[in-house]
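With this note's numbering, letter number 519 in the sequence shown gets 561, and the count goes up by one each step, no holes.
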Amino acid sequence: MVEATCLRRWLPAVVAVLGLLALVGSPDCSVFAAVLQEPAGDEDLAIVARIEQQRSTAIRAVIGSVVAIYDQGRQGGGSGVVIDPSGLALTNHHVIMGAGVSGMAGLADGKLYPWELIATDPGGDLALIRLKNASPFPASRLGNSDRVRVGDWALAMGNPFVLAEDHVPTVTLGIVSGVRRYQEGAGLNQLVYGNCIQVDSSINPGNSGGPLFDLAGLIIGINGRASFLERGRVNVGLGYAISSNQSRNFLGDLMATFLAQHGTLDASFSDYTDRGILCSSINEYSDAAKAGLELADRLLELEGVPVETANEVASLMCTLPRGWPTTLRIQKPDGTEKTVTVRLSGLPYQQPQEPPPVPETPGQEDDAEKKRQEENQLAMARLLSATPSTVRDVAANHFCRDVVWQRMAGDGADIPTGILELEWEAPVTSDGDQAGATKKVVLSVGGEGDFLLQTETAEGVRVFQGREKTLVSWESNEWMSGNSGLQQAAPDDADSLDSGDIRREPHLLAALAFVAANHPQDAWFPQFGTASIDGSDQADGQVAIRLKSLDADQDWFYAWVSTDFWSCESSHAQSHNPCRLLKVAPDLDSDGRSGGLVFRDWQTVGGWQVPASIRLVRGITEEVVGQWNVRPVTGKAGVGDE
Numbered sequence: 043m044v045e046a047t048c049l050r051r052w053l054p055a056v057v058a059v060l061g062l063l064a065l066v067g068s069p070d071c072s073v074f075a076a077v078l079q080e081p082a083g084d085e086d087l088a089i090v091a092r093i094e095q096q097r098s099t100a101i102r103a104v105i106g107s108v109v110a111i112y113d114q115g116r117q118g119g120g121s122g123v124v125i126d127p128s129g130l131a132l133t134n135h136h137v138i139m140g141a142g143v144s145g146m147a148g149l150a151d152g153k154l155y156p157w158e159l160i161a162t163d164p165g166g167d168l169a170l171i172r173l174k175n176a177s178p179f180p181a182s183r184l185g186n187s188d189r190v191r192v193g194d195w196a197l198a199m200g201n202p203f204v205l206a207e208d209h210v211p212t213v214t215l216g217i218v219s220g221v222r223r224y225q226e227g228a229g230l231n232q233l234v235y236g237n238c239i240q241v242d243s244s245i246n247p248g249n250s251g252g253p254l255f256d257l258a259g260l261i262i263g264i265n266g267r268a269s270f271l272e273r274g275r276v277n278v279g280l281g282y283a284i285s286s287n288q289s290r291n292f293l294g295d296l297m298a299t300f301l302a303q304h305g306t307l308d309a310s311f312s313d314y315t316d317r318g319i320l321c322s323s324i325n326e327y328s329d330a331a332k333a334g335l336e337l338a339d340r341l342l343e344l345e346g347v348p349v350e351t352a353n354e355v356a357s358l359m360c361t362l363p364r365g366w367p368t369t370l371r372i373q374k375p376d377g378t379e380k381t382v383t384v385r386l387s388g389l390p391y392q393q394p395q396e397p398p399p400v401p402e403t404p405g406q407e408d409d410a411e412k413k414r415q416e417e418n419q420l421a422m423a424r425l426l427s428a429t430p431s432t433v434r435d436v437a438a439n440h441f442c443r444d445v446v447w448q449r450m451a452g453d454g455a456d457i458p459t460g461i462l463e464l465e466w467e468a469p470v471t472s473d474g475d476q477a478g479a480t481k482k483v484v485l486s487v488g489g490e491g492d493f494l495l496q497t498e499t500a501e502g503v504r505v506f507q508g509r510e511k512t513l514v515s516w517e518s519n520e521w522m523s524g525n526s527g528l529q530q531a532a533p534d535d536a537d538s539l540d541s542g543d544i545r546r547e548p549h550l551l552a553a554l555a556f557v558a559a560n561h562p563q564d565a566w567f568p569q570f571g572t573a574s575i576d577g578s579d580q581a582d583g584q585v586a587i588r589l590k591s592l593d594a595d596q597d598w599f600y601a602w603v604s605t606d607f608w609s610c611e612s613s614h615a616q617s618h619n620p621c622r623l624l625k626v627a628p629d630l631d632s633d634g635r636s637g638g639l640v641f642r643d644w645q646t647v648g649g650w651q652v653p654a655s656i657r658l659v660r661g662i663t664e665e666v667v668g669q670w671n672v673r674p675v676t677g678k679a680g681v682g683d684e
């Protein structure tokens, strides 16, 4: 009885201190002594109550997004998490390997929904599925896993041992035990966990693919592996989660329906005690070698992150997909330093063999189940035999593209109407000829995606008009009023423009991009063809989803949009961040004559999304060669800062 009384007296104080340490990260053990000198007071109990409330609020906010994954026969068991209201959800590759390319998914509302596989990443044990037959689905946000620290609280949710018969997930609480861990894979470049998060939150069979949340309700990882007692399959406090930032890096590839591949420099690095990390082998025909990486070069930074061991290099490389523009800072044997930027090559997978057909046994009750399993294995074998980084499913690709377009306007946002006029200052010339430099640019945009662009150079005034998805241009001796100009018919001698004409005029590219940012589904002009998601990439230093289209002359056109609409500082925000247009270019690496255009500092003006600056860039490093500053023209209808 005495022991119980003491426990009740001092436990709240101890819990309060633990809570304070979790919140502020204080390493000062004298805090314990100070608190234990006297019983817990009202302030201490209030701290404990606040911590408990924070945890409960986070769980309630995200529990509806956690998925229990089954195959078509409602067999097996795995987990996942919905990341978009359209039903897009992340899980593990090894979960869908067991469940198949389609199945049933249960949510905490107690209902089952059909799901289908969008794409998979065998190398990083990640997959993207789509839940169907309801919208919007409850969705959770991706956090920034680079901010995760050892000792942070971590909530693991999922369906261990298929306990969630009503589909309500199990919740376990623990702490982050380690960051940037490396776990070797299986087979050829498969199921490798690099830069992953280690937790002691209880993770058991069935938790695979489920989310790891922080106490703000943000996804910091996708649970995938655990260290189990031999034979027992019982959690021993060693679980591993794919970092949310790695998942974000691969979302473009998965939404494109690629068989995703992880990137490689076609070079190896080794530790040398007195010299650091040196390049120990390299393919002389690789892009890295052509860019200047050589044997015995010392690696100082990878992707802007200082590295001290070869293991850190291998772990960080695991988070990057094929084609990713990767920057290395190296030091030559003579002490000079150099920055190298290249697109990564892809690591190969072992080609699976199609399974032999299951012999029929007439009269057996399990024939239908065997047939289903055979079809499932055959579908997975074909999936894993697909050509990497190519679109496998056009319909699914375009579904994901439409999700991106919808997010560009923000959740539930109205398409802007009325007239907006913008003036571009600090002009640049696209060809370096100062005599032909632009003096003035005004863009007038209407509510249906129509626009009028006027540019003034030393050679005169040029007018570009886009209306009902047609583009024409003509020379003019005077400026038009934007409001009346939108309604004015083009002259009979106006020139019709094709994609080649547009590519040669950066101002027109910028105008089209601005219109597309505000009317994404209605403003993709047919001159460029049908847009599709083309994979993961970076633009202006940000993680991006790349889109491309093919015109009648078989020339590509590219656009990059941010992934911010899946991210947020708090899960309790009312709506997702809008998806931002980051960049457009006629060439993948902006190395053509027109270069590329980077859009920065978007703001809302009269319901329109407006970039404060547009930068002309060239090359894979996006070297800035010019800039326009953008501002609304005052006194025009439909313009007003919100």
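For every residue, glycine included, the Cβ atom is placed at its ideal position computed from N, Cα and C.
All of these numbers come straight from a predicted model, not from anything done at the bench.
Alpha carbon of residue 204 to alpha carbon of residue 111, nearest angstrom: Cα-Cα distance, rounded: 10 Å.
Return helix, strand or coil for residue 521, following the three-state DSSP convention. In this structure, residue 521 counts as coil in the three-state DSSP scheme.
Confirm, please, whether the CB-CB distance from residue 586 to residue 580 is below 8 Å. Cβ atoms of residue 580 and residue 586: closer than 8 Å.
Figure out for me which residue from 363, 391, 575, 140 has the closest Cα to the Cα of residue 447. Sorting 363, 391, 575, 140 by C-alpha distance to the C-alpha of residue 447 places 575 at the top.
Using the three-state DSSP reduction, which class does residue 67 fall into: helix, strand or coil? With a pLDDT of 45 at residue 67, under the threshold of 50, the predicted position of this residue should be treated as unreliable, and no value is reported.
For the alpha helix (DSSP H) containing residue 550, name the first residue and the last one. For residue 550, the enclosing alpha helix (DSSP H) has its first and last residue at 548-560.
Could you tell me whether the Cβ atoms of residue 361 and residue 250 are closer together than 8 Å? Between residue 361 and residue 250, the CB-CB gap reaches or exceeds 8 Å.
Beta strand (DSSP E) containing residue 245: first to last residue? Secondary structure note for residue 245: it is in no beta strand (DSSP E), with a DSSP letter that is neither H nor E.
Residue span of the beta strand (DSSP E) that contains residue 380, given as start and end: Counting along the chain, the unbroken beta strand (DSSP E) around residue 380 starts and ends at 379-385.
Since residue 90 is in the alpha helix (DSSP H), which residue starts that stretch and which ends it? In the DSSP assignment, residue 90 falls within the unbroken alpha helix (DSSP H) covering 84-104.
May I ask you to list the residues that DSSP assigns as paired with residue 483? DSSP output for residue 483 lists 466, 497 as bridge partner(s).
Quick one, are the C-beta atoms of residue 252 and residue 294 less than 8 Å apart? For the pair residue 252 and residue 294, the CB atoms are not nearer than the 8 Å cut-off.
At the level of alpha carbons, what is the spacing between residue 321 and residue 388? Pairing residue 321 with residue 388, the inter-Cα distance amounts to about 19 Å.
For residue 489, which residues of its own chain have a beta-carbon under 7 Å away from its beta-carbon, when the five flanking residues on both sides are left out? 458, 459, 460, listed in sequence order.
Quick one: complete beta strand (DSSP E) runs, 3+ long, within the stretch 184-240? The stretch 184-240 contains these whole beta strand (DSSP E) runs: 195-200, 212-225.
Could you tell me whether the Cβ of residue 148 comes closer than 8 Å to any Cβ of chain B? Judged by its chain identifiers, the structure shown contains no chain B, having just a single protein chain.
Burial state of residue 212 (16 or more Cβ within 10 Å): Buried.
Buried/exposed call for residue 220, threshold 16 Cβ in 10 Å: That one is exposed.
Straight-line gap, residue 238 to residue 344 (C-alpha atoms, nearest Å): If I take the Cα positions, the gap works out to 17 Å.
Span of the beta strand (DSSP E), counted from its first residue to its last, around residue 574: Unbroken beta strand (DSSP E) run through residue 574: 573-581.
Spell out the partners DSSP gives residue 665 in its beta bridges. DSSP, once it has assigned bridges, lists 660 as partnering residue 665.
In whole angstroms, what is the alpha-carbon distance linking residue 445 and residue 558? If I take the Cα positions, the gap works out to 15 Å.
Given residue 624 as reference, the closest of 151, 177, 597, 606 once Cα atoms are compared: Here the closest residue by C-alpha is 606.
Considering only DSSP beta bridges, list what residue 304 is partnered with. The secondary-structure analysis by DSSP pairs residue 304 across a beta bridge with 363.
Please classify residue 115: does DSSP put it in a helix, a strand, or coil? Of the three classes helix, strand and coil, the one that applies to residue 115 here is coil, per DSSP.
Coil, strand or helix - residue 46 by DSSP: The predicted model places residue 46 with a pLDDT of 42, which falls under 50 and marks its position as unreliable; any figure quoted below should be read in that light. Under the three-state reduction of DSSP output, residue 46 falls in the helix class.
For the beta strand (DSSP E) that residue 584 lies in, which residues bound it at each end? Counting along the chain, the beta strand (DSSP E) containing residue 584 begins and ends at 584-592.
Could you round the C-beta distance between residue 124 and residue 259 to whole angstroms and report it? I think they count as a contact, below 8 Å. Between residue 124 and residue 259 a beta carbon distance of about 13 Å is seen, past the 8 Å cut, so the two are scored as non-contacting.
Count the other CB atoms within 10 Å of the CB of residue 314; is the residue buried (16 or more) or exposed (fewer)? With fewer than 16 Cβ atoms within 10 Å of its Cβ, residue 314 is classed as exposed.
Counted within 10 angstroms of its Cβ, other Cβ atoms place residue 98 as buried (16 or more) or exposed: Looking at its Cβ environment, which holds fewer than 16 other Cβ atoms inside 10 Å, residue 98 is exposed.
Could you give the distance in angstroms between the alpha-carbon of residue 358 and the alpha-carbon of residue 120? So the alpha carbons of these two residues sit roughly 27 Å apart.
Can you tell me whether residue 600 is buried or exposed, with buried defined as 16 or more other CB within 10 angstroms of its CB? Counting Cβ neighbours within 10 Å, residue 600 comes out buried, since at least 16 surround it.
What are the residues that DSSP puts in a beta bridge with residue 311? By DSSP's assignment, residue 311 forms a beta bridge with 321.
Count the other CB atoms within 10 Å of the CB of residue 429; is the residue buried (16 or more) or exposed (fewer)? Around the beta carbon of residue 429, fewer than 16 other beta carbons lie within 10 angstroms, which makes this residue exposed.
With which residues is residue 169 paired in a DSSP beta bridge? According to DSSP, residue 169 bridges with 133, 162.
Among the residues of its own chain, which have a CB less than 8 Å from the CB of residue 633, if the five just before and after it don't count? Answer for residue 633: 660, 661, 662, listed in chain order.
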